[in-house]
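Residues 94 to 529 (my numbering) make up the sequence shown, in order. So the structure is just underneath, and the comments pick up after that.
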Amino acid sequence: MTPYGAVNPALFCDLYELTMAAAYDASGLDGTATFELFVRKLPPARNFLVAAGAADVMEALERWVFDDVAITYLRSLPGFSPEFIDRIAGLRFTGELRAVPEGEVAFHAEPLLEVTAPLLEAQLLETLLLNLVGTATTQASKAARVALAAGDRPFADFSARRDHGVGAAMSAARASAIAGAASTSLVEAGRRYGLSLSGTMAHAYVMAFDDERDAFQSFCRTFPTNAVLLLDTWDTVQGARHAVEVARELGSEGVRIAGVRLDSGDLEVLSREVRAILDDAGLRDVRILASGDLDEYRIARLVEAGAPIDAFGVGTRMGTSEDAPSLGVVYKLAEDERGPKLKLAEGKATLPGRKQVWRADGFDVLGLIDEEVEGRPLLVPAKSEPLDVIRDRCEAAVALLPGRLRCLSPADPPYEVRISPGLTALVDRLTAEHRR
């Protein structure tokens with residue numbers, strides 16, 4: 094199963110991509126072209142992005158083909174000539190991809206992904222690539238902020254039930270792991286990506302018993318070494334006392350409570366009360382987990398207050414990136430066989446030519462691919478990598494950011510992306526030509 098479900102990736106395109114492809118074909122235009130996927134500007138609350146989604150793109154391209162089912166459907170649509178349909182029958186991706194490696198930090202205007210391919214192929218990929226890279230980068234960027242807020246306290250992805258579809262939930266689990274999540278609650282993501290799983294119980298389990306203590310006893314006997322008890326079904330403090338009673342009663346059976354979870358109320362106050370109850374009973378090794386509408390801001394306040402919470406389960410607000418639920422990713426033609434291409438639309442101008450991004454000391458330089466610029470080049474041939482390699486890259490990249498960028502508030506000044514002399518000269522020349 095793919096992260097986007099049983100969808101034919103070749104048909105995951107907007108109609109205008111097909112109509113343009115048909116018109117390109119009719120005009121004899123199918124030379125090599127380069128398109129770039131980038132973000133015009135960062136959302137207001139973001140100081141950086143975490144690149145993600147390239148692996149999903151590569152997987153999708155392995156299945157990207159206008160097969161018999163796709164062609165049969167396209168023949169039923171009005172407006173497309175039989176010659177064009179025959180032209181794309183069996184079409185597969187034959188081009189090349191360069192990408193900012195997953196887990197690396199990136200900024201506005203910088204290509205996250207570059208496609209160089211025959212024009213028809215490159216154009217027909219637009220919506221698919223924007224969806225996969227935009228979604229994963231949005232989620233990884235949000236999760237990186239959660240990781241910064243949590244510090245050395247682990248957090249888990251609990252977002253699947255509220256993410257925007259099955260594919261988005263799979264993407265959220267992987268993107269969160271890239272950014273530092275210790276585990277996910279989503280079992281299929283654990284299987285598919287090799288992620289650690291975490292989960293406790295729901296209120297329904299406790300409510301299925303007449304007495305909370307009976308629920309706790311049953312669960313602990315079923316999972317004698319790793320049970321985590323949910324305390325707030327009726328009364329959180331009383332739930333903690335019941336957990337202590339159960340721990341004492343079952344201790345002789347070798348049963349050990351691993352943790353308790355708080356899912357509502359004033360988490361700072363309740364965590365202190367619950368910690369005191371557990372400690373007074375000698376259960377100092379029982380961990381306290383917190384969940385319930387958490388995001389980086391709430392976690393940061395809890396950590397700053399010194400709340401005795403050992404780990405966090407973060408769901409809706411992380412998986413859907415609630416404060417910035419979409420990213421302004423665009424996919425634009427940069428160059429074709431006749432040379433660099435420039436767009437001058439007000440507020441939506443693009444930069445021409447194939448490019449490279451160089452990371453220098455405290456700033457990036459965006460320039461032409463053949464320029465000589467000091468710094469570390471970021472755009473490299475796309476490749477599949479183990480998730481732990483990507484996670485380590487993300488941790489190192491975020492750690493190297495200036496302190497102002499690792500804060501949750503907008504950075505002042507923001508990170509600087511400079512335009513190289515060569516790219517500036519090309520923009521000036523093409524602008525002058527188009528305005529004659």
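Glycine is no exception: its CB is placed at the ideal position from the N, C-alpha and C atoms. On a predicted model such as this, the values are computed, not experimentally measured, just so you know.
Query raised in the report: Less than 7 Å separating the beta-carbons of Leu322 and Val353?
Result: Mapped onto the sequence shown, residue 322 falls at position 229. Mapped onto the sequence shown, residue 353 falls at position 260. Yes. Within cutoff.
Report task. Determine which residues share a DSSP beta bridge with Glu428 and list them. Result -> For the purposes of this step, residue 428 is identified with residue 335 of the sequence shown, where counting begins at 1. DSSP lists Thr127 and Pro433 as partners of Glu428.
Query raised in the report: What are the boundary residues of the beta strand (DSSP E) that includes Ala274?
Result: Working through the sequence shown from its first residue, we reach residue 274 at position 181. Careful: Ala274 lies outside any beta strand (DSSP E) and carries neither H nor E.
Query - Limits of the unbroken alpha helix (DSSP H) element including Glu281 - result: The residue labelled residue 281 in the question sits at position 188 within the sequence shown. Taken as a continuous stretch (DSSP letters only), the alpha helix (DSSP H) holding Glu281 covers Val280 to Tyr286.
Query - Rounded separation between Asp214 and Arg185 - CA only - result: Here residue 214 refers to the residue found at position 121 of the sequence shown. Here residue 185 refers to the residue found at position 92 of the sequence shown. The amino acid occupying residue 214 in the given sequence is Glu; Asp does not appear at that position. Straight-line Cα distance between these residues: approximately 8 Å.
**Report entry** Nearest residue (CA-CA) to Cys500, options Val239, Glu361, Leu516 and Arg410
**Finding:** If you number the sequence shown from 1, residue 500 lands on position 407. Taking only the C-alpha atoms, the option nearest Cys500 is Val239.
Query raised in the report: Can you give the Cα-Cα distance for Thr95 and Glu155, rounded to whole angstroms?
Result: One-based indexing of the sequence shown puts residue 95 at position 2. One-based indexing of the sequence shown puts residue 155 at position 62. Here the model assigns Thr95 a pLDDT of 44, short of 50, so the residue's position is not dependable and the matter cannot be decided.
Query raised in the report: Is Pro470 helix, strand or coil by DSSP?
Result: For the purposes of this step, residue 470 is taken as residue 377 along the sequence shown, with counting starting at 1. Three-state DSSP puts Pro470 in a strand.
Query raised in the report: In or out: Pro514 buried (at least 16 other Cβ within 10 Å) or exposed?
Result: Mapped onto the sequence shown, residue 514 falls at position 421. With fewer than 16 other Cβ atoms within 10 Å, it is exposed.
Query raised in the report: How far does the alpha helix (DSSP H) with Ala249 in it reach, from first residue to last?
Result: Position 156 of the sequence shown, counted from the start, is the residue given in the question as residue 249. That residue, Ala249, is in no alpha helix (DSSP H); its beta strand (DSSP E) goes Phe248 to Asp250.
**Report entry** Chain-order list of residues whose beta-carbon lies under 7 Å from that of Leu223 (same chain, five-residue window excluded)
**Finding:** Indexing the sequence shown from 1 puts residue 223 at position 130. Within the same chain, Leu223 has close Cβ partners Leu130, Val422 and Tyr424.
Query raised in the report: Tell me the DSSP bridge mates of Ile370?
Result: Counted from its first residue, the sequence shown places residue 370 at position 277. DSSP output for Ile370 lists no bridge partner at all.
Query raised in the report: Can you list the alpha helix (DSSP H) stretches of 4 or more residues lying completely in the stretch 179-234, in chain order?
Result: Correct list: 212-217.
Requested in this report: Measuring alpha carbon to alpha carbon, tell me which of Leu206, Ser291, Phe251 and Ala374 ends up nearest Ser414.
Outcome: One-based indexing of the sequence shown puts residue 414 at position 321. The shortest C-alpha separation from Ser414 is found at Phe251.
Query raised in the report: Going by alpha carbons, who is nearest to Arg306 out of Phe316, Asp256, Ala333 and Ser291?
Result: As a position in the sequence shown, residue 306 is number 213, starting the count at 1. Distance check between Arg306 and each of Phe316, Asp256, Ala333 and Ser291 places Ala333 closest, using alpha-carbon atoms only.
Requested in this report: Please confirm if the stretch 374-391 is in contact with the stretch 177-193, defined as three or more CB-CB distances below 8 Å between the two stretches.
Outcome: no
Query raised in the report: CB Ser234 to CB Leu142, shorter than 7 Å?
Result: Translated into positions along the sequence shown, residue 234 becomes position 141. Translated into positions along the sequence shown, residue 142 becomes position 49. Yes, they are a contact pair.
**Report entry** Outcome for Ile531 when other beta-carbon atoms lying within 10 angstroms are tallied against a minimum of 16
**Finding:** In this structure the chain extends from 94 to 529, so residue 531 is not present and cannot be described.
**Report entry** Backbone CA spacing between Ala272 and Ala119 [nearest angstrom]
**Finding:** Within the sequence shown, the letter at position 179 stands for residue 272. Within the sequence shown, the letter at position 26 stands for residue 119. Ala272 and Ala119: Cα-Cα distance of roughly 46 Å.
Requested in this report: Return the bridge partner residues of Trp451 from the DSSP annotation.
Outcome: Against the sequence shown, residue 451 aligns to sequence position 358. Its beta-bridge partners are Val458 and Pro470.
Query raised in the report: Ordered along the chain, which non-local residues of its own chain (more than five positions away) have a Cβ less than 6 Å from that of Tyr97?
Result: One-based indexing of the sequence shown puts residue 97 at position 4. Bear in mind that a pLDDT of 45 at Tyr97, under 50, signals an unreliable position, so the model cannot answer this.
Query - Cα-Cα separation between Ser477 and Pro204, rounded to whole angstroms - result: Stepping through the sequence shown from its first residue, residue 477 is reached at position 384. Stepping through the sequence shown from its first residue, residue 204 is reached at position 111. Taking the straight line from one Cα to the other gives about 18 Å.
**Report entry** Bridge-paired residues (DSSP) for Val510
**Finding:** If you number the sequence shown from 1, residue 510 lands on position 417. Note: Val510 sits in a beta bridge opposite Asp457.
Query raised in the report: Hey, quick one: how far does the beta strand (DSSP E) through Val379 stretch, first residue to last?
Result: Here residue 379 refers to the residue found at position 286 when the sequence shown is read from its first residue. Unbroken run through Val379: none, as it is neither H nor E.
Query raised in the report: Based on the DSSP secondary-structure assignment, which residues constitute the bridge partners of Ala537?
Result: This structure leaves residue 537 out entirely; the chain is present only between 94 and 529.
Query raised in the report: Tell me which same chain residues have a C-beta within less than 6 Å of the C-beta of Asn140, skipping the five on either side of it?
Result: As a first step, residue 140 is located in the sequence shown; it is residue number 47 there, counting from the start. Leu498 and Ala504.
Query raised in the report: Apart from the five residues just before and just after Trp451, which ones in its own chain have a Cβ nearer than 6 Å to its Cβ?
Result: Position 358 of the sequence shown, counted from the first residue, corresponds to residue 451. Once the five neighbours on either side are set aside, the close Cβ partners of Trp451 are Val458, Val466, Gly468 and Pro470.
**Report entry** Candidates Val379, Thr315, Leu288 and Ile370, of which the one nearest Glu346 by Cα
**Finding:** Position 253 of the sequence shown, counted from the first residue, corresponds to residue 346. Ranking the options by Cα distance to Glu346, first place goes to Thr315.
Query raised in the report: Taking the Cβ atom as the reference point for each residue, do Leu225 and Gly146 lie within a distance shorter than 7 Å?
Result: Counting from 1 along the sequence shown, the entry for residue 225 is found at position 132. Counting from 1 along the sequence shown, the entry for residue 146 is found at position 53. Yes. Within cutoff.
Query raised in the report: Starting from Ala398 and walking both ways along the beta strand (DSSP E), at which residues does that stretch end?
Result: In the sequence shown, the residue the question calls residue 398 occupies position 305. Looking at the DSSP string, Ala398 is not in any beta strand (DSSP E), and its letter there is neither H nor E.
Requested in this report: Name the residue from Gly172, Glu430 and His201 whose alpha carbon lies nearest to the alpha carbon of Glu509.
Outcome: Against the sequence shown, residue 509 aligns to sequence position 416. Selected option, being the one with the closest Cα: His201.
Query raised in the report: If you draw a straight line from the C-alpha of Asp454 to the C-alpha of Ala148, how long is it?
Result: What you label residue 454 is simply residue 361 of the sequence shown in a count that begins at 1. What you label residue 148 is simply residue 55 of the sequence shown in a count that begins at 1. One C-alpha to the other measures close to 28 Å.
Report task. Kindly give me the distance between the Cβ atoms of Val379 and Leu371, rounded to whole angstroms, as I take these residues to be in contact under 8 Å. Result -> The sequence position of residue 379 within the sequence shown is 286, counting from 1. The sequence position of residue 371 within the sequence shown is 278, counting from 1. Indeed they touch by this definition, with Cβ atoms about 5 Å apart.
Query raised in the report: How big is the Cα-Cα spacing for Pro175 and Ala116?
Result: Numbered from 1 along the sequence shown, position 82 holds the residue referred to as residue 175. Numbered from 1 along the sequence shown, position 23 holds the residue referred to as residue 116. Each residue's Cα considered, the two are about 13 Å apart.
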